[in-house]
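Numbering (the working numbering), first residue to last: 1190 to 1429.
Dropping the structure here:
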């Protein structure tokens, strides 16, 4: 690890943070607690986590971002300019297995979500665990090289955190927007209820039930109920 983490105290803090990640869910309170503890290990001024369900991360929507200390107007500016498609930090991080300093990605300061000096690390998990980019800005008094080892160690733990149940689960964040009524219809379909059954349970017409299913199929890009139920459960919008 980098020189900053040679002391016993620093290493203990790092290991304790990893344990906290392992025990946490992806609920906002748990994630906030992990990020607060991470700041005691890597003293960042702002941090942004980009999540995707694909093995190769593509930043295309705001809902993929979990951020701390990053201005909303800066995020809007980033997407309005289309910088998410050519962000050099994102592109460079995906080509290497270790954390990198922003300066190593040419021109990063002008098109990255954060500004100043910092470091980033991309993680791609096996199977359907998706991909994650962690990028953080440091105060001017801190040198990014000093924290590369710590971010390398923590990044896989942070990546797994967003695969666990909770409101910030990566699949849930990427899920299509299903309305409350559509979710009720889908939930009863999962219980094996017919259109007629659902219409009586919800006090609506069968035609309205079919209308809701049409919207559900379109939003989830599926052809039938079984596929809709499976995909909704994959996204976490429908529970067992």
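The C-beta atom is built at its ideal place from N, Cα and C for all residues, glycine as well.
- Runs of the beta strand (DSSP E) lying entirely within the segment 1213-1293 and spanning at least 3 residues, in chain order: 1235-1241, 1254-1257.
- Taking all protein chains shown into account, residue 1384 has 16 or more neighbouring C-beta atoms within 10 Å of its C-beta and is therefore buried.
- Taking C-beta atoms as the reference points, residue 1310 and residue 1334 fail to come closer than 8 Å.
- In summary, residue 1282 is buried, with 16 or more beta-carbon neighbours lying within 10 Å of its beta-carbon over all protein chains present.
- As computed with DSSP, residue 1203 is found in no beta bridge at all.
- By the C-beta criterion, the segment 1320-1333 is judged to be in contact with the segment 1238-1251, since at least 3 inter-stretch pairs fall below 8 Å.
- CA-to-CA, the gap between residue 1288 and residue 1215 works out to about 23 Å.
- Under the criterion of beta carbons closer than 8 Å, residue 1234 and residue 1328 qualify as touching, at roughly 5 Å.
- Annotated as distal: residue 1417 and residue 1426, with beta-carbon spacing of 8 Å or more.
- Per DSSP, the continuous beta strand (DSSP E) segment holding residue 1321 begins and ends at 1320-1327.
- Annotation for residue 1338: the continuous alpha helix (DSSP H) segment containing it runs 1337-1350.
- In this structure, residue 1374 keeps its C-beta atom at 8 Å or more from the C-beta atom of residue 1348.
- By the C-beta criterion, the segment 1376-1391 is judged not to be in contact with the segment 1242-1257, since fewer than 3 inter-stretch pairs fall below 8 Å.
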